[in-house]
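Numbering-wise (this note's numbering), the sequence shown opens with residue 371 and increments by one.
Where a beta carbon is used, it is the ideal one built from N, C-alpha and C, also for glycine.
Predicted model, so just to flag it, every value in this text is computed and none were measured.
I have placed the structure first, in the form of C-alpha cells, so that the comments after it can refer back to it.
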Amino acid sequence: MTRLTRRRFLASSTAAAGLAMAGRARAAEAEEADAIHTAIVGAGNHGRELLRLCLKIPGVRFKAVCDIWPFSQTYASRFLAAYKQPVNVYEDYREMLAKEKDLDAAIIATPDAFHADQTVACLEAGMHVYCEKEMHHTLEGARRMVETARKTGKLLQVGRQHLSNPRYHAALDYIDTKKALGRLVHVSGQWHGHKRVPYEWKEQYKIDDAVLAKYGYESMQQFRDWRWSKKFSAGPIANLGSHQIDVFNWFLHGPPTSVMASGGRDYYDFYDYYDNISCIYEWNYASEGKTSVVRGDYRILTMTDDEGFFENFTGDEGGLTISEHATLGGLRRERGAPQAEWEKQLQGEGRQYPPIPYPGEERPVHQYHLENFFHAIRGKAKLTCPAEVGYVTTVCALKTNEAMNTGQRLALAPDDFVV
Numbered sequence: 371m372t373r374l375t376r377r378r379f380l381a382s383s384t385a386a387a388g389l390a391m392a393g394r395a396r397a398a399e400a401e402e403a404d405a406i407h408t409a410i411v412g413a414g415n416h417g418r419e420l421l422r423l424c425l426k427i428p429g430v431r432f433k434a435v436c437d438i439w440p441f442s443q444t445y446a447s448r449f450l451a452a453y454k455q456p457v458n459v460y461e462d463y464r465e466m467l468a469k470e471k472d473l474d475a476a477i478i479a480t481p482d483a484f485h486a487d488q489t490v491a492c493l494e495a496g497m498h499v500y501c502e503k504e505m506h507h508t509l510e511g512a513r514r515m516v517e518t519a520r521k522t523g524k525l526l527q528v529g530r531q532h533l534s535n536p537r538y539h540a541a542l543d544y545i546d547t548k549k550a551l552g553r554l555v556h557v558s559g560q561w562h563g564h565k566r567v568p569y570e571w572k573e574q575y576k577i578d579d580a581v582l583a584k585y586g587y588e589s590m591q592q593f594r595d596w597r598w599s600k601k602f603s604a605g606p607i608a609n610l611g612s613h614q615i616d617v618f619n620w621f622l623h624g625p626p627t628s629v630m631a632s633g634g635r636d637y638y639d640f641y642d643y644y645d646n647i648s649c650i651y652e653w654n655y656a657s658e659g660k661t662s663v664v665r666g667d668y669r670i671l672t673m674t675d676d677e678g679f680f681e682n683f684t685g686d687e688g689g690l691t692i693s694e695h696a697t698l699g700g701l702r703r704e705r706g707a708p709q710a711e712w713e714k715q716l717q718g719e720g721r722q723y724p725p726i727p728y729p730g731e732e733r734p735v736h737q738y739h740l741e742n743f744f745h746a747i748r749g750k751a752k753l754t755c756p757a758e759v760g761y762v763t764t765v766c767a768l769k770t771n772e773a774m775n776t777g778q779r780l781a782l783a784p785d786d787f788v789v
C-alpha cells in the first residue's frame, strides 16, 4: 500500500470500517493500514522509555530506529522484535528519511543541539513529530521548529508531559474553578535530584572515535554526559526546571515578565554547567477581573535528593502542592477560610487534604502525553503542547541562563515569546 493511499486511509474511518469486515486477511491489512508508522530517533535511556510506552498505545507500529550508538541500536531493535515489530536500523537520520518512505511520525529523544535539524527534516518529509524538551539550546533553533511546523501543517508536540497529566488538570480546576486557594499570591518549586557521578560504559560498547567526531563529540564521556555540555544542552534549567516553569506559566495563564537567577558550579568540578541555581520570576496574574503581580521562587540542586521535586501554589485562603509522584503534595485550607461545598467531599485531617483526586488510573508520567500526540494524529484530540506553547518555556529556560550569567534582572516582553 502506498504512503499516500495509507495516509488517506488513516484519515478515513469509513474506509477502515469497511475493510475490517472483509475477512481475516483483509482485517489484518486494514489494521496495518490504520497503523501509525513511527521512527524513534535517539534510542538512549529516555528514548527507550518513550518507545516502551508507545507500545502500550494501540495502532502505533515502529518501522525504524535511528541512533549513533550501536549499543542503543541493538537494544531498541531487539526490544521491538520481541513485540513483533521488526525495524530497519540507521545511524544517520538523513539516511533514514531517504530510505523510509512510509513513515507517519517520529519520536525524537536526542541531545538538545540536534533537535532543530532533525525535527525540521522530519516535518518537511511529511511526518508528525514528538520532540523531547528542550526544543533546542538556542532560540534560533527553536524558532525554526515552530516555523517549519506552521509551514508544513504537521503536528509538533514538545515533550512537556505535565500538560497532559490529569492530576495537574484536576489541580488547576481546584485553583481556577473551585477557588480553593482564594486569591493566588505566590508560587514556588524545586527539583532536588539528578545526583550522580559521570556516566560510565563498558569498553566493548564504546563508539568509534570517527563516528563521535562526525557528530561533534570530543569523547565518549561527552557523549554520555551531553546534558552537562554547553555544546549539546541548555543545562539543568532546561533539562529539569523547564517542566516546572511550564506548569507555573500554565497555571498563571501566561509567561513571566521578569527573571533573576544566581547559581554556580560549587559541588561538581567535571561539568560545563552550574550544579545549582536559584531563580525569582514575576508574573502578571489575571483572575476575576483583577491583575496582580505573583512572584515565584524556584531552585535546582543536583547534589541532593532531599525533598525531591514539586510545585507549590499559595493563596490567601490556602495552599496546594503537586508533583508527578502520586503520593506527594496535597491541599491545605486556611483556618478561617469559608468551607465550600467541594471541601466537604474531601477526606482529610483538620483542613489538610491529600493529593488532589482525579478520575482514571495511575499511569507512567509520559504515557498521557504520548497518547495525546497519537490521538491528535488521528484527529481525536488537540495537542496539549504544540510548538508555540513549547517555545514559550524554551524562552523562559534560556533567558534564565542569561540572567544567571549576567547577574542582572531581565525584563521579558510579550513579543519575546512569539514566533
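Integer Cβ distance of residue i from residue j, believed to fall under 8 Å
{"i": "Thr-627", "j": "Asn-654", "result": "6 Å"}
{"i": "Arg-432", "j": "Leu-420", "result": "The amino acid occupying residue 432 in the given sequence is Phe; Arg does not appear at that position. Not really, about 11 Å apart at Cβ, beyond 8 Å."}
{"i": "His-562", "j": "Asp-676", "result": "5 Å"}
{"i": "Gly-699", "j": "Phe-680", "result": "6 Å"}
{"i": "Thr-763", "j": "Asp-616", "result": "4 Å"}
{"i": "His-407", "j": "Asp-472", "result": "5 Å"}
{"i": "Met-346", "j": "Cys-436", "result": "In this structure the chain extends from 371 to 789, so residue 346 is not present and cannot be described."}
{"i": "Leu-526", "j": "Thr-489", "result": "7 Å"}
{"i": "Lys-426", "j": "Gln-737", "result": "7 Å"}
{"i": "Ile-478", "j": "Val-499", "result": "6 Å"}
{"i": "Leu-554", "j": "Ser-657", "result": "7 Å"}
{"i": "Gln-614", "j": "Tyr-668", "result": "7 Å"}
{"i": "Leu-610", "j": "Thr-754", "result": "No, Leu-610 and Thr-754 are not in contact; Cβ-Cβ is about 20 Å, not under 8 Å."}
One or two residues paired with residue i in a DSSP bridge
{"i": "Glu-818", "result": "Any question about residue 818 goes unanswered here, given that the chain covers just 371 to 789."}
{"i": "Trp-653", "result": "Val-664"}
{"i": "Tyr-761", "result": "For Tyr-761, which the question treats as bridged, DSSP gives no partner whatsoever."}
{"i": "Phe-432", "result": "Thr-408"}
{"i": "Ile-647", "result": "Gly-633, Ile-670"}
{"i": "Gly-700", "result": "Thr-691"}
{"i": "Ala-783", "result": "DSSP output for Ala-783 lists no bridge partner at all."}
{"i": "Tyr-500", "result": "Ile-477, Gln-527"}
{"i": "Pro-729", "result": "Per DSSP, none; premise fails for Pro-729."}
{"i": "Gln-722", "result": "Arg-702, Glu-719"}
{"i": "Pro-756", "result": "Gln-527"}
Status (buried if at least 16 other CB within 10 Å, exposed otherwise) for residue i
{"i": "Ala-519", "result": "buried"}
{"i": "His-623", "result": "exposed"}
{"i": "Gln-531", "result": "buried"}
{"i": "Ala-710", "result": "exposed"}
{"i": "Gln-566", "result": "It is worth fixing the name first, because residue 566 is Arg in this sequence and not Gln. Classification for Arg-566: exposed."}
{"i": "Arg-537", "result": "buried"}
{"i": "Ile-730", "result": "According to the sequence shown, residue 730 is Gly rather than Ile. So Gly-730 counts as exposed."}
{"i": "Gln-778", "result": "exposed"}
{"i": "His-695", "result": "exposed"}
{"i": "Trp-712", "result": "exposed"}
{"i": "Asn-535", "result": "buried"}
{"i": "Pro-725", "result": "buried"}
{"i": "Asp-579", "result": "exposed"}
{"i": "Ser-589", "result": "exposed"}
{"i": "Pro-784", "result": "exposed"}
{"i": "Val-663", "result": "exposed"}
{"i": "Phe-640", "result": "exposed"}
{"i": "Glu-470", "result": "buried"}
{"i": "Tyr-575", "result": "exposed"}
{"i": "Val-430", "result": "buried"}
{"i": "Ala-781", "result": "exposed"}
{"i": "Gln-715", "result": "exposed"}
{"i": "Tyr-453", "result": "exposed"}
{"i": "Ile-434", "result": "According to the sequence as given, residue 434 is Ala; it is not Ile. Counting Cβ neighbours within 10 Å, Ala-434 comes out buried, since at least 16 surround it."}
{"i": "Pro-625", "result": "buried"}
Residue span of the alpha helix (DSSP H) that contains residue i, given as start and end
{"i": "Gln-737", "result": "737 to 747"}
{"i": "Glu-713", "result": "711 to 714"}
{"i": "Tyr-445", "result": "440 to 452"}
{"i": "Val-516", "result": "509 to 522"}
{"i": "Asn-458", "result": "Here Asn-458 belongs to no alpha helix (DSSP H); instead the beta strand (DSSP E) covers 458 to 460."}
{"i": "Trp-598", "result": "Counting along the chain, Trp-598 falls outside any alpha helix (DSSP H), and DSSP gives it neither H nor E."}
{"i": "Leu-493", "result": "482 to 494"}
{"i": "His-416", "result": "415 to 424"}
{"i": "Tyr-471", "result": "In the sequence on display, residue 471 carries Lys and not Tyr. Unbroken run through Lys-471: none, as it is neither H nor E."}
{"i": "Asn-619", "result": "612 to 621"}
Endpoints, the beta strand (DSSP E) within which residue i is located
{"i": "Ser-628", "result": "628 to 634"}
{"i": "Ala-476", "result": "475 to 478"}
{"i": "Gly-529", "result": "526 to 529"}
beta-carbon residue i near the ligand NAD non-hydrogen atom, thresh 7 Å
{"i": "Gln-722", "result": "Ligands in the displayed structure: none, and consequently the ligand NAD is not present."}
Jot down the residue ranges of each uninterrupted beta strand (DSSP E) in the segment 539 to 595, minimum 3 residues, whole runs only, in chain order. If we require 3 residues or more, the beta strand (DSSP E) runs fully inside the segment 539 to 595 come out as 554 to 562.
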